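The opening position of the sequence shown corresponds to residue 386 in the working numbering, with each subsequent residue numbered one higher. Beta carbons: idealized from backbone N, C-alpha and C, even for Gly. Quantities reported herein were computed from a predicted structural model and do not represent experimental measurements. Scroll down for the structure; my scribbles are underneath it.
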Amino acid sequence: LSPADSSVAVTEGLYLRDAYLREFEARVLADDGRELRLDRTAFYPAGGGQPADSGRVRGADGSERVVSEVTKSGAEIVHVTDPRDPWPPASVVRGAIDWDRRFAHMRFHTALHILSGVVFRRYGSGITGGQIYDDRARMDFGLPDFDRAKAERLIEDVNAVVAEDRPIHVRFISREEAQRTPSLVRVAAELMPDVAEVRLIDIEGFDVQADGGTHVRRTGEVGPVRLEKIENKGARNKRLYLGFGAPGTPGVGGPA
Ligand SMILES: [Zn+2]
């Protein structure tokens, strides 16, 4: 391949800088009538525990396609749609994400960051994973002694941070800067060796994490959260589900 031929197409992820962008215009990079690749998109591709966005895209010919799945393929973002006649390369399309669903994902994602900050303060970490759903979020703990009372205390701590309504900033810094900054030691240690630029989610004065997901602008937008249930997945593996709503109210999954 000549240098010109080896240039790969790149989709600009508009959600990385503006999580509140619901509609956008883009140009078609490639389309086979089902897998649609655009030069820019507000659709979040599944990753980092956050589900992919759903929504619709309208082509220059006026036809509309439902986006049911969004994935990353190298530097491109692929919108998987219901099959139609393909749209021509470079033609302009308009996309719109399902906002209510995405906003719930944003609130849950930020709630999990607050929870992980709370756990770090109480236990010096212990988190082994997390997942966001449309109606709840879960976090996994590698803490040996974890029970419902401890989980309730964590949720109280989360709600205190929600009530503080702290601003949340998205920042991009170099790997070197992350390694130089004492408060980012935890972030720097988790970076892949080939990462040059780091995207940070900074909950002001509380928690900073390297992250590619979408978040609300202030912790107050998360709203109150409640403990849905905890599950025992083994001696050192406990799972906590949280939902939206005042603490003590019945969960989506019923009483735990
Ligand atoms: Zn995250």
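Delimiting residues of the alpha helix (DSSP H) encompassing residue i
i, result
"N544", "533-549"
"L500", "484-508"
"Q564", "560-565"
DSSP beta-bridge partners of residue i
i, result
"A574", "A574 pairs with nothing; no bridge assigned."
"T466", "V452"
"L612", "L627"
"T426", "G398"
"D525", "G514, R624"
"L585", "R556, A595"
"V478", "A411"
"G633", "Its beta-bridge partners do not exist; DSSP assigns none."
"G434", "DSSP lists no partner for G434."
Cα-Cα separation, residue i to residue j
i, j, result
"A404", "T599", "5 angstroms"
"F531", "K618", "11 angstroms"
"L585", "Q594", "6 angstroms"
"K535", "R556", "33 angstroms"
"V547", "N622", "27 angstroms"
"G440", "S453", "7 angstroms"
"A460", "I558", "20 angstroms"
"V543", "K614", "16 angstroms"
"G656", "R523", "Because the chain spans 386 through 641 in this model, residue 656 falls outside it and cannot be assessed."
"A489", "D520", "7 angstroms"
"G480", "A411", "8 angstroms"
"V395", "R443", "21 angstroms"
"L627", "E606", "16 angstroms"
"E549", "P609", "11 angstroms"
"H498", "V478", "34 angstroms"
"A563", "R487", "29 angstroms"
"D587", "T466", "34 angstroms"
"P640", "G633", "Here the model assigns P640 a pLDDT of 43, short of 50, so the residue's position is not dependable and the matter cannot be decided."
"D438", "R419", "16 angstroms"
"M491", "S501", "15 angstroms"
"E589", "G434", "22 angstroms"
"R506", "L528", "14 angstroms"
"L625", "E541", "14 angstroms"
Enclosing beta strand (DSSP E) for residue i [first to last residue]
i, result
"E420", "420-423"
"V442", "440-443"
"V607", "No beta strand (DSSP E) holds V607; DSSP gives it neither H nor E."
"V413", "408-416"
"F591", "Segment: none, F591 is in no beta strand (DSSP E) and carries neither H nor E."
"T599", "Premise fails: T599 is in no beta strand (DSSP E) and is neither H nor E."
"G459", "Where G459 is concerned, there is no enclosing beta strand (DSSP E), given that its DSSP letter is neither H nor E."
Rounded distance between the beta-carbons of residue j and residue i, thought under 8 angstroms
i, j, result
"I512", "V504", "6 angstroms"
"W484", "R407", "5 angstroms"
"L399", "H464", "With 8 angstroms as the limit, L399 and H464 do not qualify as a contact, their Cβ atoms being about 13 angstroms apart."
"D416", "W472", "5 angstroms"
"F493", "R551", "Not quite, the Cβ-Cβ distance comes to about 17 angstroms (not below 8 angstroms), so this is no contact."
"T456", "P430", "5 angstroms"
"T495", "V601", "5 angstroms"
"L414", "P468", "Not confirmed; about 18 angstroms, so no contact."
"V580", "R565", "Not quite, the Cβ-Cβ distance comes to about 15 angstroms (not below 8 angstroms), so this is no contact."
"A427", "I482", "6 angstroms"
Chain B contact for residue i (CB, 8 angstroms cutoff)
i, result
"F591", "Protein chain content of the structure displayed is limited to a single chain, and chain B is not contained in it."
Residue i: CB within 7 angstroms of a non-hydrogen atom of ligand 2
i, result
"V543", "Looking at this structure, you won't find ligand 2 anywhere; what it does contain is ligand 1."
Quiz prompt | Chain-ordered list of residues that sit, by beta carbon, closer than 5 angstroms to a heavy atom of ligand 1 | solution = Having a Cβ closer than 5 angstroms to some heavy atom of ligand 1 are D596, G598.
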